[in-house]
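Student: Residue numbering for the sequence shown follows my numbering, beginning at 299 and increasing consecutively.
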Amino acid sequence: ALHKLEQEGWIKAQWKTSELGRRAKFYSLTRLGRRHLAKEAANWERLAGAISAVVRLTEA
C-alpha cells in the first residue's frame, strides 16, 4: 500500500537512522498528498453526515 501511495506521488520515503540506531524507512506526505488527503477527508465528512442524517431519521 505504501508503495502505491509513493507511486501516486502522495508520499515520499527516505532512509534514515531511527532512534534505536537502525536504518529505517520514513514516510512523509508530499504537497500533492496533503491536497489529496484534504479532498478525501471532505468526502468522508459528507458521507458521514449523510449516514448520520439517515440514522437520525430511522430513530425518530
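Glycine included, each C-beta is placed from N, C-alpha and C at the ideal position.
Given this structure, state the Cα-to-Cα distance separating R354 from A348, to the nearest angstrom.
Tutor: Taking the sequence shown and counting its residues from 1, the one referred to as residue 354 is at position 56. Taking the sequence shown and counting its residues from 1, the one referred to as residue 348 is at position 50. The alpha-carbon atoms of R354 and A348 are separated by roughly 10 Å.
Student: Would you kindly work out how many angstroms separate the C-alpha atoms of L303 and T356, rounded to a whole number?
Tutor: Taking the sequence shown and counting its residues from 1, one reaches residue 303 at position 5. Taking the sequence shown and counting its residues from 1, one reaches residue 356 at position 58. Each residue's alpha carbon lies about 38 Å from the other.
Student: Along the alpha helix (DSSP H) that carries T356, what are the first and last residues, could you check?
Tutor: By 1-based counting over the sequence shown, the position of residue 356 is 58. First-last of the alpha helix (DSSP H) with T356: R329 to E357.
Student: Relative to the C-alpha of F324, which candidate in N341, A351, A358 and H301 has its C-alpha closest?
Tutor: Locating residue 324 in the sequence shown gives position 26, where the first residue counts as 1. Considering only alpha carbons, the answer is H301.
Student: Closer than 7 Å by C-beta to S326: which residues in its own chain qualify, once you throw out the five before and the five after it? Chain order, please.
Tutor: For the purposes of this step, residue 326 is identified with residue 28 of the sequence shown, where counting begins at 1. I309 and K310, listed in sequence order.
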